[in-house]
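In my numbering, the protein residues as written are 1 to 197.
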């Protein structure tokens with residue numbers, strides 16, 4: 001059965017690193033919302049006279065957020081439609097609160113949860129300071145708003161509950177505080193692909 005795997009969580013948790021490592025090992029298609037949206041987001045923000053590096057303000061969310069998720073899901077679903085496992089990376093904060101969201105997305109390619117094995121990995125760190133340090137260490141200009149508005153941004157790091165109609169066994173909360181290694185990838189592989197991973 002085709003696998004549609006979501007790597008969700010706050011900035012700095014390491015979801016992209018984990019998803020890339022596992023996609024490389026498994027030959028799955030990899031879709032990072034930040035990467036897919038970036039050219040369009042920069043153009044839209046510049047056109048509006050705003051900071052093209054902003055990825056967190058209310059203005060960015062109004063102009064770009066939904067477009068980013070649409071681009072990402074269209075690309076992932078197209079791959080699922082041709083039988084390729086797809087790993088998707090992003091926060092998906094609004095989407096995870098909508099019970100029928102994943103079913104509506106799959107219906108766009110004529111699929112259901114009976115045809116596609118949907119897994120969700122919430123990647124998290126133990127405390128707010130860990131997130132802050134990782135975001136500083138990666139040194140991305142896209143993170144400046146987060147650091148400048150830390151009190152507001154840090155609210156997005158709280159643990160979330162998934163509202164989708166998938167079994168609890170298809171959801172994993174993964175503590176990525178320790179640096180990722182082969183053991184971490186093996187744990188995630190077993191979760192997604194079973195004991196024969």
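Quick reminder that beta carbons are idealized off the backbone N, C-alpha and C, glycines included.
Keep in mind it's a predicted model, so treat the numbers as computed, not measured.
Notebook entry, point to check: What is the DSSP secondary structure of residue 151, reduced to helix, strand or coil?
Noted result: The residue given as residue 151 occupies position 151 in the chain shown. Residue 151 falls in the helix class under three-state DSSP.
The beta strand (DSSP E) that contains residue 55, what's its start and end? Within the chain shown, numbered from 1, the residue matching residue 55 stands at position 55. Element bounds for residue 55: n/a, residue is neither H nor E.
Worksheet item: Is there contact here, the stretch 109-128 with the stretch 3-13, by at least three beta-carbon pairs under 8 Å?
Response: yes
Notebook entry, point to check: Got a sec, what are the start and stop residues for the beta strand (DSSP E) residue 3 sits in?
Noted result: Locating residue 3 in the chain shown gives position 3, counting from the first residue. Residue 3 -> beta strand (DSSP E) spans 2-8.
Requested in this report: Note down, in chain order, each residue of its chain lying with its Cβ closer than 7 Å to the Cβ of residue 54, except the 5 sequence neighbours on either side.
Outcome: Residue mapping note: residue 54 aligns to position 54 of the chain shown, counting from 1. Hits under 7 Å: 45, 60, 145.
- Query: For the alpha helix (DSSP H) that residue 94 lies in, which residues bound it at each end?
  - Reply: Against the chain shown, residue 94 aligns to sequence position 94. Careful: residue 94 lies outside any alpha helix (DSSP H) and carries neither H nor E.
Quiz prompt | Three-way DSSP call (helix, strand, coil) for residue 178 in this model | solution = Taking the first residue of the chain shown as 1, we reach residue 178 at position 178. The answer is coil: DSSP assigns residue 178 none of H, G, I, E or B.
- prompt: Comparing alpha-carbon positions, which option in 63, 173, 165, 152 lies nearest residue 104?
  reply: Start at 1 with the first residue of the chain shown, and residue 104 comes out as number 104. Taking only the C-alpha atoms, the option nearest residue 104 is 165.
Exercise for the section: Confirm, please, whether the CB-CB distance from residue 170 to residue 93 is below 9 Å. Expected result: What you label residue 93 is simply residue 93 of the chain shown in a count that begins at 1. What you label residue 170 is simply residue 170 of the chain shown in a count that begins at 1. Not a contact, by the Cβ cut-off of 9 Å.
*asked:* Three or more C-beta pairs under 8 Å: does that hold for the stretch 9-16 against the stretch 126-141?
replied: yes
Practice problem: Give every residue of the same chain whose Cβ lies closer than 8 Å to the Cβ of residue 123, excluding the five residues on either side of it in the sequence, and list them in chain order. | Solution: Along the chain shown, read from residue 1 onward, the residue named residue 123 stands at position 123. The residues are 7, 8, 9, 13, 14, 15, 18, 174, 176.
*For residue 108, the three-state DSSP class (helix, strand or coil)*: Taking the chain shown and counting its residues from 1, one reaches residue 108 at position 108. Correct three-state label for residue 108: coil.
- Query: By Cβ distance, which residues of its chain are closer than 8 Å to residue 128, with the 5 residues on each side in sequence left out?
  - Reply: Against the chain shown, residue 128 aligns to sequence position 128. Excluding positions up to five away in sequence, the list reads 154, 157.
Worksheet item: Starting from residue 20 and walking both ways along the alpha helix (DSSP H), at which residues does that stretch end?
Response: Sequence index remark: in the chain shown, residue 20 carries index 20 (1-based). Counting along the chain, the alpha helix (DSSP H) containing residue 20 begins and ends at 15-26.
inquiry  = Please state whether the Cβ-Cβ distance between residue 163 and residue 112 is less than 9 Å.
reply    = Position 163 of the chain shown, counted from the start, is the residue given in the question as residue 163. Position 112 of the chain shown, counted from the start, is the residue given in the question as residue 112. No.
- Message: DSSP three-state label for residue 34, please.
- Response: The residue labelled residue 34 in the question sits at position 34 within the chain shown. Helix, per DSSP.
So, at 6 Å on beta carbons, what are the nonlocal neighbours of residue 81 in its own chain, with the 5 sequence-adjacent residues on each side left out? To locate residue 81, count along the chain shown from 1; it is residue 81. Correct list, in chain order: 109.
Can you give the Cα-Cα distance for residue 23 and residue 48, rounded to whole angstroms?
Reading the chain shown from its first residue, position 23 is the one you call residue 23. Reading the chain shown from its first residue, position 48 is the one you call residue 48. C-alpha separation (whole angstroms): 36 Å.
*asked:* Considering only the alpha carbon of each residue, which of 84, 185, 76 lies closest to residue 102?
replied: Position 102 of the chain shown, counted from the start, is the residue given in the question as residue 102. Nearest C-alpha to residue 102: 76.
#### Entry: Nearest residue (CA-CA) to residue 40, options 28, 186, 65, 107
Here residue 40 refers to the residue found at position 40 of the chain shown. Of the listed residues, the one whose Cα sits closest to residue 40 is 65.
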